[in-house]
Amino acid sequence: MTILKRRRFLEFAASALATLGISQLDIQRQGLRYGKILAQSTSRKLALLVGANGYTNSPLKGCINDTLLQRELLIHRFGFNPNDILLITDDSSAKPTRANILQAFEKHLIEQAKPGDVVVFHFSGHGSQVFDPNSPFQNQLNSTFVPLDRKISPQGERFVVSDIMGETLFLWMSALETENVTAILDSCHAGGGKRGNLTIRAINGGKDTDPSPIEREYQQQLMTKLGLTAEEVNRLRQQGIPRGVVIASAAQKQLAADMPFDGFYAGAFTYALTQYLWQATADEGVSNIVANVSRSTTKMSSTRQVPEFEAKAGNERQPMYFLQKQTLPAEAVVTKIEGEQVELWLGGIEPGTIAAFNKDAIFLLLDDQGQNLGIVQLQSRDSKNGLIGRGKLVEIRQPNLLKPGLLLQEQARAIPDDINLSIGLDQSLVSGGTRSISGGMRGTIAAISQIPRLEPTALGQREVHYILGRMTPERYQELQARGQPEIPAIGSVGLYSQGLDLIPGSFDAKDERVIDAIERLKAKLRSLLAARLVKLTLNADSSRMNVLAKMRVVDTTGKPLDVVAQEFTVRGNTLKKTEAVNPSSTFIPGGAVKVENGIPLLPLGTRVQLEVENQEVGDLYVTVLVISPNGEMFVIFPNSWTATEGAAIIEAGQTRKIPDAARGDTFKFNVGRPLGTAEVLVIASATPIREALKTLQKIAESRGQKSGPVALEEDSAEAIDALLGDLDQGTRTRSDRSLDVSYDANARAVNTAQLAAMSITFRSVEG
């Protein structure tokens, strides 16, 4: 059962029921059908989607896309009528001003919604806080969301702002006649400004900031209509939200990221949530959904962003949006058809792999019942919004059924040959540290550009994969306050994530020259590039193969104990509905294993064992990679480097334990340093991986190894390139020649019927 710890409706949903770690949830393997929420049907579904980018002092870039992500999801997976969805954005005729937001909520939602209807309110933009002397809560602060035309009036040492308060949202929800209301808030009220390559969706506020008189007057009007006094409202607020569910993108002191992706911007939370819902297959309650999405946001934004929710009692068990809908999961949907040309919305593609869908990807064209109506090949993605694709109908089976709204499931992707690792250049390289850098950025750019497939990039322009920067005094103090172990010296040079998390092992001596640091980091950068390339194959949501991977803790004698993580291929799986899990991975905490934001925390020295189960009717060629927190890559299967290609085979219907002493494995998989997040990648192919094995054997031979795990080090890119070449060869050899389909000669094609690539994440921590 879901365990919820009630908190009060103080600041939107950021005063939510729970900051969800998966250890609080009993997510067992559930049915592989998308969610029933209410037994009864609803007469109408209404949505108000607000996205504000164009703030004067702190503009954002992803909020309009958030509303589009929600709109396409609501229409094509939840059955909303487009005419019942109102967008209030910078691009709409009604801009996201205070007056327009208030009017839209009243006219579109409160006045139209009847009992039993479904209501969705989504806000993406800046959040803040104001002092609330009437608040029943200790900190006397109330969260706000900030309209585009925010007015700030100095009043001595205080400020008055025209924000919309959380208390107003409470009153709005109280005024709705339906219980089936979901409010989603992708904003925060902590740490505004830039953080690395991210923009934080917050504007400073606090105890020196007061709500405007017009806000208080508006609240009084709402209370009068509801027949409530201020004292009654305060008492009701202490009891929780009046109805429905409120989901916030980050906890009270956390950061909500406005984030660049490959060709577009979006809120980290909104993108993670909507993409998850495009792929969802089981009857999940909101609590499970929020917990599962938290795994994505914590990894995606590098701000430790953990979504929260508050629900009226019992609603935490209701699936999303209080709707009964059973359309198929999908990577994309057709939004326009003109002859053989189609326009696609690509909102169901996993954020980390969308770069593999620039060109030549193949999709099956399906109706709501899963009937195959044809094949679409992607030709390009829009240069202004990478969520929009354009493709060609290469096979049409039932022309009379072609129409916008048809779903698309991946059949193959084509990984471009020009995939680079983008390295953001932090200003600290010039102005930070303890002395200036000779030559400014010019020498840094030249040094990075000399490394093949590495691309130096200015921050704030587009997606970067890592940031090169110095350890500044400010960052040092922040890391100290967070309890970060092993903080590099001030003035040292190393790598950060997009959101300024340290990459372990990348920093060295204080005051190191940037040019010297780049030379020192060459092998690590090549390894990080290789990791990016291999992760572009991850397809647990879309693979049609039947493979299951588990991670177990084992005792000192090798006896298997708890399963701490598992992942499987949803579309290829033949498990009973009651045994299945949603989405492709789950975590089953047990014993002493702790879980934080859905990621198992494994103390140093913990001994683990992997199990890879081939549930196919044919043998599979399997590679298992481990990517350590510092970016180093190891091959742990196969691990006999003098054997034939049979060493990589897991036979049909068989399970391979890794390591397995009974099969001759002489190593142990013990969790070690450095501390941080690590990944296990399981890649199972129906076609041989001969060139990859030859390359790995050559690497092992050069190091005098006959068996055991191999650290790829500076050879990472070569090994992964060989693996991708094998996968590409298998796809091209087995492709259907009767179709008018071809791939770019230099791309690496990967077919969902021939490959299952899955990731299991864990974090190494102090014992």
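Using our numbering, the letters of the sequence shown map in sequence onto residues -4 to 762.
Backbone N, C-alpha and C fix where the C-beta goes; we use that ideal spot for every residue, glycine too.
Whole-angstrom distance between residue j and residue i, CA atom to CA atom
i	j	result
GLU345	LEU339	15 Å
LEU55	PRO483	32 Å
THR139	ILE462	32 Å
LEU596	LEU81	43 Å
ASP506	VAL488	8 Å
ARG477	PRO468	14 Å
GLN336	LEU268	29 Å
PRO128	GLY222	22 Å
VAL155	ASN48	22 Å
LYS307	SER244	18 Å
PHE352	THR551	45 Å
GLU761	ALA673	14 Å
PRO110	GLY593	36 Å
GLY161	GLY720	54 Å
ILE440	ALA748	42 Å
ASP614	VAL114	49 Å
GLY280	GLU311	6 Å
LEU718	GLU686	7 Å
VAL542	THR756	17 Å
ARG624	PRO480	Just to set this straight, residue 624 is Pro in the shown sequence, not Arg. If I take the Cα positions, the gap works out to 14 Å.
VAL745	ARG153	59 Å
ALA826	GLY464	No information on residue 826 is available, as it lies outside the stretch -4 to 762 that the chain covers here.
LYS40	VAL329	22 Å
LEU676	SER169	48 Å
ASP377	ARG602	47 Å
GLN475	ARG527	30 Å
GLY258	LEU382	8 Å
Counterpart residues of residue i in DSSP-defined beta bridges
i	result
HIS460	The partner list for HIS460 (beta bridge, DSSP) is empty, contrary to what the question assumes.
GLN404	LEU359
TRP807	As displayed, the chain neither begins before -4 nor continues past 762, which places residue 807 out of reach and without an answer.
ASP253	THR194 and GLY262
MET753	VAL677
LEU416	LEU449
THR467	According to DSSP, which records beta bridges pairwise, THR467 is partnered with nothing at all.
GLU152	Paired residue(s): none; GLU152 is not in a bridge.
ASP181	SER119
THR204	PHE154
THR637	DSSP, once it has assigned bridges, lists no residue as partnering THR637.
VAL389	DSSP output for VAL389 lists no bridge partner at all.
LYS189	THR194
Residue i classed as buried or exposed, judged by whether at least 16 other C-beta atoms fall within 10 angstroms
i	result
THR429	For THR429, the predicted model reports a pLDDT of 41, less than 50, meaning its position is unreliable and no value from the coordinates is stated.
PRO598	exposed
GLN372	buried
ASN137	buried
VAL241	buried
VAL612	exposed
LYS701	exposed
ASN665	exposed
LYS146	exposed
ASN662	The identity of residue 662 in the sequence shown is Phe, whereas the question assumes Asn. That one is exposed.
ILE432	With a pLDDT of 40 at ILE432, under the threshold of 50, the predicted position of this residue should be treated as unreliable, though the coordinate-derived value follows. Buried: at least 16 other Cβ atoms inside 10 Å.
LEU272	buried
GLY334	exposed
ALA657	exposed
GLY386	buried
PRO237	buried
ARG437	exposed
SER203	In the sequence under discussion, the amino acid at residue 203 is Asp, which differs from the Ser named in the question. Exposed, since its Cβ has fewer than 16 Cβ neighbours within 10 Å.
Nearest-angstrom Cβ-Cβ length linking residue i and residue j, presumed shorter than 8 Å
i	j	result
SER759	GLY626	With 8 Å as the limit, SER759 and GLY626 do not qualify as a contact, their Cβ atoms being about 14 Å apart.
GLU713	PRO683	With 8 Å as the limit, GLU713 and PRO683 do not qualify as a contact, their Cβ atoms being about 19 Å apart.
SER711	SER522	4 Å
ILE443	ILE513	6 Å
PRO324	PHE264	The Cβ separation is near 20 Å, so there is no contact.
GLY57	ASP253	5 Å
GLN270	GLY342	6 Å
THR618	ILE694	Not quite, the Cβ-Cβ distance comes to about 13 Å (not below 8 Å), so this is no contact.
| Can you find at least 3 beta carbon pairs, one from the stretch 450 to 461 and one from the stretch 395 to 409, that sit closer than 8 Å? | no
| Inter-stretch contact at 8 Å, needing at least 3 Cβ pairs: the stretch 519 to 539 / the stretch 224 to 232 | no
| task | Check whether the stretch 316 to 334 touches the stretch 600 to 616, taking contact to mean three or more Cβ pairs, one atom from each stretch, closer than 8 Å. | result | no
| field | the stretch 104 to 124 / the stretch 189 to 200 touching (three or more Cβ pairs under 8 Å) | value | yes
| Any contact of the stretch 67 to 85 with the stretch 283 to 293, i.e. 3+ C-beta pairs under 8 Å? | no
| Is the stretch 158 to 175 in contact with the stretch 203 to 218, if contact means three or more CB pairs nearer than 8 Å? | yes
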